[in-house]
Amino acid sequence: MDHVNHFDTKATYWIMRAEYLVGFAACVVLMLLHFGDIRWWAAIVLFFSIDVIGYYPGALAFRRAKGGPIHKGYYVIYNTMHNWFAAAAICGLWVLVAGPEWALLAIPLHLCADRGLLGNTLKPFSIAFEPEPLPAFQAFVAQLTGRPPQRQVQVDRVEEKVPTT
1 MDHVNHFDTK ATYWIMRAEY LVGFAACVVL MLLHFGDIRW WAAIVLFFSI
51 DVIGYYPGAL AFRRAKGGPI HKGYYVIYNT MHNWFAAAAI CGLWVLVAGP
101 EWALLAIPLH LCADRGLLGN TLKPFSIAFE PEPLPAFQAF VAQLTGRPPQ
151 RQVQVDRVEE KVPTT
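For reference, each letter of the sequence shown is one residue, going 1 to 165 in full-length UniProt numbering.
Right, dumping it as structure tokens:
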């Protein structure tokens, strides 16, 4: 929101998502316009490597922890793979090694999809790796807006039971 208050309101959050949807649409249009020029195997590798390296290890650790804490390294890896500095570095190295190509649009396509379509941003250490309501934040929003807190949906963690015979 600003350099002193580090949060978004519902409206500013949706505006941020809309901005990323514009970036997502621009990537889609450019990829469609240059469909025949894209090395699709490279685009697919670039698109999915962000989550294969940056998201899936933390998501797996989170599920295995069953509500307990996970190592902060998973947050660092996620945030490293899902930021524009890393995207620029990867694209720059790719251009130096292999030359410029349209497949590189897969990287901003992924980042814009995460933020615009899914609403995911970088992950702070202080919250769960996967989205879960944070009661203190819900209370803060209620105080800020003067509205009662949103009804919380309790998410029960289901443990898989292995039948014994």
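Ideal Cβ placement from N, Cα and C applies to all residues, glycine included.
Residue i in three-state terms, based on DSSP
| i | result |
| --- | --- |
| Ser-126 | coil |
| His-34 | coil |
| Pro-100 | coil |
| Leu-111 | helix |
| Gly-146 | coil |
| Pro-135 | helix |
| Gly-116 | helix |
Rounded straight-line distance, which links the Cα of residue j to that of residue i
| i | j | result |
| --- | --- | --- |
| Trp-14 | Leu-21 | 10 Å |
| Leu-33 | Phe-24 | 14 Å |
| Thr-145 | His-6 | 16 Å |
| Phe-48 | Ala-98 | 19 Å |
| Ile-44 | Gly-116 | 20 Å |
| residue 181 | Ala-103 | Given that the chain is displayed from residue 1 to residue 165, the structure contains no residue 181 and the question cannot be resolved. |
| Pro-133 | Pro-69 | 16 Å |
| Met-31 | Asp-51 | 20 Å |
| Met-81 | Asp-114 | 12 Å |
| Gly-73 | Lys-123 | 11 Å |
| Thr-9 | Met-16 | 10 Å |
| Ala-65 | Glu-101 | 41 Å |
CB contact flag (residue i, residue j, <8 Å)
| i | j | result |
| --- | --- | --- |
| Phe-125 | Tyr-55 | no |
| Cys-27 | Leu-105 | yes |
| Leu-111 | Trp-94 | no |
| Ile-38 | Ile-53 | no |
| Phe-129 | Phe-62 | yes |
| Ala-142 | Pro-135 | no |
| Ile-107 | Ala-89 | no |
Burial state of residue i (16 or more Cβ within 10 Å)
| i | result |
| --- | --- |
| Ala-18 | exposed |
| Gly-58 | buried |
| Phe-137 | exposed |
| Thr-12 | exposed |
| Phe-35 | exposed |
| His-3 | exposed |
Residue-chain proximity (residue i, chain B), Cβ-Cβ < 8 Å
| i | result |
| --- | --- |
| Ala-113 | Annotation note: the requested chain B is absent from the structure, which comprises a single protein chain. |
Open item on the list: As an exercise, report each continuous alpha helix (DSSP H) stretch of at least 4 residues that is fully enclosed by the region 5-92, in chain order.
Closed with: Annotation: the region 5-92 contains the following complete segments of the alpha helix (DSSP H) (minimum length 4 residues), in chain order: 10-33, 40-54, 56-65 and 72-81.
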